[in-house]
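Single-structure report; data block below.
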Amino acid sequence: MELALAPETLARWQFGITTVYHFLFVPLTISLAALVAGLETAWVRTGKQKYLKATKFWGKLFLINIAMGVVTGIVQEFQFGMNWSAYSRFVGDVFGAPLAFEALIAFFFESTFIGLWIFGWDKLPKKIHCFCMWMVSIGTILSAYFILAANSWMQHPVGYKYNAANGRAELTDFWKVLTQDTTLVVVFHTLTAAFLTGAAFMVGIAAFHLMRKKHIKVMRTSLRLGLITLVISGILTAVSGDSLGKVMFKQQPMKMAAAEALWDKEEPAPFSVFAYGDVDKGHNSVAIEIPGLLSFLAHNDFTSPVPGINDVNKSEQQKFGPGDYRPNIPVAYWGFRWMIGFGMSSFAIGLAGLWLTRKKFWLAPGLRTGDEEPPLLALTKNKVLGARLSKWYWSLAFVTLGFPLIASSWGWIFTEMGRQPWVVYGVLRTSDAVSPGVSQGEVLTSMIVFTALYAVLAVVEVKLLVKYIKAGPQELTDSDLNPPTKIGGDSAYADRPMAFSY
Amino acid sequence: MQLHDVWFVLIAVLWTGYFFLEGFDFGIGIHTKLLARDRREKRVLINTIGPVWDGNEVWLISAAGATFAAFPDWYATLFSGFYLPLLLILVCLIVRGVAFEYRHKRSEEHWQRNWENAIFWASLLPALLWGVLFGNIVHGVKIDAHKEYVGSVLDLLNPYAILGGLLTLTLFTFHGAVFASLKTTGDIRQRARRMATVLGLLTAVPTVGFLGWTQADKGDGTSLIAMIVAVVALAAALGANKIGREGWAFAFSGITVVAAVAMLFLTLFPNVMPSTLNESWNLTVGNASSSPYTLKIITWCAGFATPLVMLYQGWTYWVFRKRIGTQHIADAH
Chain A
1 MELALAPETL ARWQFGITTV YHFLFVPLTI SLAALVAGLE TAWVRTGKQK
51 YLKATKFWGK LFLINIAMGV VTGIVQEFQF GMNWSAYSRF VGDVFGAPLA
101 FEALIAFFFE STFIGLWIFG WDKLPKKIHC FCMWMVSIGT ILSAYFILAA
151 NSWMQHPVGY KYNAANGRAE LTDFWKVLTQ DTTLVVVFHT LTAAFLTGAA
201 FMVGIAAFHL MRKKHIKVMR TSLRLGLITL VISGILTAVS GDSLGKVMFK
251 QQPMKMAAAE ALWDKEEPAP FSVFAYGDVD KGHNSVAIEI PGLLSFLAHN
301 DFTSPVPGIN DVNKSEQQKF GPGDYRPNIP VAYWGFRWMI GFGMSSFAIG
351 LAGLWLTRKK FWLAPGLRTG DEEPPLLALT KNKVLGARLS KWYWSLAFVT
401 LGFPLIASSW GWIFTEMGRQ PWVVYGVLRT SDAVSPGVSQ GEVLTSMIVF
451 TALYAVLAVV EVKLLVKYIK AGPQELTDSD LNPPTKIGGD SAYADRPMAF
501 SY
Chain B
1 MQLHDVWFVL IAVLWTGYFF LEGFDFGIGI HTKLLARDRR EKRVLINTIG
51 PVWDGNEVWL ISAAGATFAA FPDWYATLFS GFYLPLLLIL VCLIVRGVAF
101 EYRHKRSEEH WQRNWENAIF WASLLPALLW GVLFGNIVHG VKIDAHKEYV
151 GSVLDLLNPY AILGGLLTLT LFTFHGAVFA SLKTTGDIRQ RARRMATVLG
201 LLTAVPTVGF LGWTQADKGD GTSLIAMIVA VVALAAALGA NKIGREGWAF
251 AFSGITVVAA VAMLFLTLFP NVMPSTLNES WNLTVGNASS SPYTLKIITW
301 CAGFATPLVM LYQGWTYWVF RKRIGTQHIA DAH
């Protein structure tokens, strides 16, 4: 009991809970901001109403999301100091810099322009209004970049030296922190995965409306946009994931060995599809493997050796002194598989959708009964069967709309837990990072408070999302179709109710 | 002037900006109960800060981020030492942000009432707690030789700090009333002005009390000037409000906030968090700061970003410069 409730354990749980929760909103925010900005640009350029309706519909879902993303993000920033004060003292000189950049450059961008976008419908000419959304989008991406640079430094510390006089890490080369290979691949992978998330969300909801034969014009456009984004980001996520894997094999051999439950060095090393192991004994009793694939993932050839968990543990003991340097193997192993599995099935569904909605495959005009007829996937010329098969696809797309979210959550759990017992790989142990002055009772209180609050907010958020998803895009009003011509709003409309108000 | 002194000033600026800006939006949150007579008036008030509250809050995030980068030891001691009050503030900021965004998203009355209560309490508590925390920072807390806070939560609730809390609470509520009179039109504007008079007089008590105590305890010539500016600006805000110059009244209530926060930082320097156990254990700009290289990097960033932020945030206030009244609030929601 004592160990289970030790302040370090509690602080880790709290960090895990609050971070994974925060990261449910981040990828959707990043991708929806860009997609909404794209849709609004289409409206500004073509003047087609379907684009404006789509902008407002997806914009609303985006806002419900970003609200939660923003407020849960503050917790992360405070938490370093509150729960991990020893960590903050040790790495503040290095880690604080990208964090300060994030606040000063990215957050101000995001938060200021989001206010302009929300309330600016009847205050800003449409081009400037659209520009504000692009600023929000740039803000979210910059924010991701800086925080991932900070995280990558914890995964692979570079550009610093240890200052023995005051017992801390000090920055020597900030440029290196911002541009090391770990940072670049992680940013690439996280951003592509974010777009995978937003695209699957968009495809799922569009499919839901198409299935109910509602809002067809807007949803047809959204579906295509979603599918194209889903497929492109799916390919890029796989490519970036592969490069990230190779970087990790070099930098954190333990994490990748754990991800494969590869106990001892093998040459060539197989990729494990399924393994059931006994951690204490250090072997797997059941394993299904694809020969040579792990060697390929690590080194780009099918024969090179890959060191196992026991080998790395031994070499780390020689390097850092006695101790157990193994992370939680089942979490790393299954987290890695769930990440790939959920992410790639989403990609497969997107690929199928893109294929099925090619011009030829959308129900041929001759078979339609009207312009507002829901497009069917012409898997067959038989109208009845075609409708049924289409419905299957819509349902499948709908139920899998959250798959990339599950994938990215497991991706983070794997990345962060796979690094244990280190908080800064090879430099600072997690057990040395906690706040020495914070009591068990305090951490327990905050963990319970956050978990309870987050649970309530999750219910609220999901209910709101469901309500607005079901309602679908709203009809446009006069003020929507006559955007202001000057900044601050047209004086002719001075007493008109606000286009948007809380 | 060394770089860590520059960063002390910059962090003071970020906190000052935060209290100036979120000060009035905390005040508006409190006025949803104090000033608004019905739901429509509540919505008028909330919408006066609608486009800007999120941007205002980022001043806090930047202050915290900058402290982490420029003074890691200050950040570590402060955040781990004030664990429970900060937890409470965090919960308030979460609830408050969500409340603004979600209140109007359903039309059921209990839904809206719950979020309105949330806005009130989640504005009032941080307005009070920030003063308590800054009272403790200035006064000093039990910090040991390892730069760790070794006191308890109850140590934070001393009379001086509580008076500081009352100061921020009343001052922000006053600042909010003045802002409401500046940004609204119609009946609510008149009532906001009347209420500002009462609140201004009420604010004078803890202002004179807390700043006077600070001056007697740790003050010098410059802090005395800041104190005088704060008190005079408060009187000027009251006067301007009385004669209906709402823009001036807001400028003066803002100057009161700026001068009061400036005074706290002036009395603090060169410490960032004094120790009450042993003077040699004080956290100072020297022993709590980052390396010169890191300070240089973030100075470039701040030098480039801060003016830009002020520019586009200022632009936001200009875009939404028009007053709003009940006629601007649609019937729906």
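Respectively, the protein sequence lines represent chains A and B.
For what it's worth, the working numbering labels the leading residue of the first sequence as 1, then goes sequentially.
For what it's worth, the working numbering labels the leading residue of the second sequence as 1, then goes sequentially.
Glycine included, C-beta positions come from ideal geometry on N, C-alpha and C.
Computed from a predicted model, the values in this text were never measured in an experiment.
Any C-beta of chain B under 8 Å from that of residue i
i, result
"GLY139 of chain A", "no"
"SER111 of chain A", "yes"
"ILE487 of chain A", "yes"
"LYS123 of chain A", "yes"
"VAL423 of chain A", "no"
"GLY92 of chain A", "yes"
"GLY81 of chain A", "yes"
"MET1 of chain A", "Confidence at MET1 of chain A is low in this model, with a pLDDT of 42, below 50, so the placement of that residue should be treated as unreliable; the coordinate-derived value is given next. Not an interface residue."
"THR451 of chain A", "no"
"ILE340 of chain A", "no"
Beta-carbon proximity list for residue i, same chain, < 6 Å, skipping 5 on both sides
i, result
"VAL231 of chain A", "GLY350, LEU351, LEU354"
"GLY335 of chain A", "TRP410, ILE413, PHE414"
"GLY55 of chain B", "GLN313"
"SER243 of chain A", "VAL185"
"VAL153 of chain B", "LEU84"
"ALA127 of chain B", "PHE26, THR168, LEU169, PHE172"
"LYS50 of chain A", "LYS217, VAL218, THR221"
Supposed close pair residue i, residue j - CB separation, criterion 8 Å
i, j, result
"GLY305 of chain A", "ALA269 of chain A", "Note on identity: in this sequence residue 305 of chain A is Pro, with Gly being the wrong assignment. Right, the Cβ-Cβ distance comes to about 7 Å (below 8 Å), so this counts as a contact."
"ALA192 of chain B", "ALA230 of chain B", "With 8 Å as the limit, ALA192 of chain B and ALA230 of chain B do not qualify as a contact, their Cβ atoms being about 22 Å apart."
"THR451 of chain A", "ILE17 of chain A", "6 Å"
"PRO484 of chain A", "ASP490 of chain A", "5 Å"
"ILE487 of chain A", "VAL44 of chain B", "Not really, about 23 Å apart at Cβ, beyond 8 Å."
"ARG224 of chain A", "THR357 of chain A", "7 Å"
"MET273 of chain B", "TRP74 of chain B", "6 Å"
"PRO327 of chain A", "MET417 of chain A", "6 Å"
"TRP15 of chain B", "VAL198 of chain B", "Not really, about 28 Å apart at Cβ, beyond 8 Å."
Any chain A beta carbon closer than 8 Å to residue i
i, result
"TYR312 of chain B", "yes"
"LYS183 of chain B", "no"
"TYR18 of chain B", "no"
"ASP187 of chain B", "no"
"VAL319 of chain B", "yes"
"GLY50 of chain B", "yes"
"GLU101 of chain B", "yes"
Close Cβ partners of residue i (< 8 Å) along its chain, the five nearest in sequence each way excluded
i, result
"ASP324 of chain A", "ASN313, PRO421"
"GLY92 of chain A", "ARG168"
"ILE119 of chain B", "GLY29, THR32, ILE46, ARG96, ALA99, PHE100, ARG103"
"SER275 of chain B", "GLY140, VAL141, LYS142, ILE143, ASP144, TRP281, ASN282, LEU283"
"LYS183 of chain B", "THR48, ARG323, ILE324"
Same chain, Cβ closer than 7 Å to residue i, neighbours up to 5 away in sequence not counted
i, result
"TYR145 of chain A", "VAL187"
"ILE296 of chain A", "Reading off the sequence, residue 296 of chain A comes out as Phe, not Ile. The answer, listed in chain order, is PHE302."
"LEU129 of chain B", "PRO85, LEU88, ILE89, GLY165"
"TYR149 of chain B", "THR77, SER80, GLY81, VAL141, LYS142, ILE143"
"VAL257 of chain B", "PHE19, PHE20, GLY23, LEU171, HIS175"
Proximal chain A residues relative to residue i, where beta-carbon distance stays under 7 Å
i, result
"ASP73 of chain B", "ARG89"
"LYS105 of chain B", "LEU464"
"SER223 of chain B", "Within 7 Å Cβ-Cβ: nothing; SER223 of chain B doesn't reach chain A, min ~27 Å."
"ILE61 of chain B", "ILE74, GLU77, ALA103, PHE107"
Minimum Cβ-Cβ distance from residue i to chain C less than 8 Å
i, result
"PHE26 of chain B", "Looking at the structure shown, chain C is missing, and the protein chains on hand are A and B."
Cross-chain neighbours of residue i in chain B, by beta carbon under 8 Å
i, result
"GLU102 of chain A", "GLY65"
"MET517 of chain A", "Nothing can be reported for residue 517 of chain A, as the shown portion of chain A is limited to 1 through 502."
"VAL75 of chain A", "LEU90, ILE94"
Under 8 Å from the C-beta of residue i: neighbouring residues of chain A
i, result
"ARG364 of chain B", "Since the first and last residues shown for chain B are 1 and 333, residue 364 of chain B lies out of range."
"VAL150 of chain B", "GLY437"
"HIS328 of chain B", "ASP495, ARG496, PRO497, MET498, SER501"
Beta-carbon neighbours of residue i, restricted to chain A and to distances below 9 Å
i, result
"LYS322 of chain B", "LYS123, GLY488, GLY489, ALA494"
Legend entry - Inter-stretch contact (C-beta, 8 Å, three-pair minimum) for the stretch 127-138 of chain A and the stretch 168-181 of chain A: no
Legend entry - Inter-stretch contact (C-beta, 8 Å, three-pair minimum) for the stretch 179-197 of chain A and the stretch 102-115 of chain A: no
Inset, instruction - May I ask you to verify whether the stretch 35-43 of chain A touches the stretch 235-245 of chain A, counting CB pairs closer than 8 Å and requiring at least 3? - result: no
Legend entry - Cβ pair count under 8 Å reaching 3, the stretch 282-291 of chain A against the stretch 245-255 of chain A: no
Inset, instruction - Report yes or no: do three or more beta-carbon pairs, one from the stretch 202-212 of chain A and one from the stretch 424-432 of chain A, lie closer than 8 Å? - result: no
Legend entry - Segment contact, 8 Å Cβ cut-off, at least three pairs: the stretch 10-26 of chain A with the stretch 52-71 of chain A: yes
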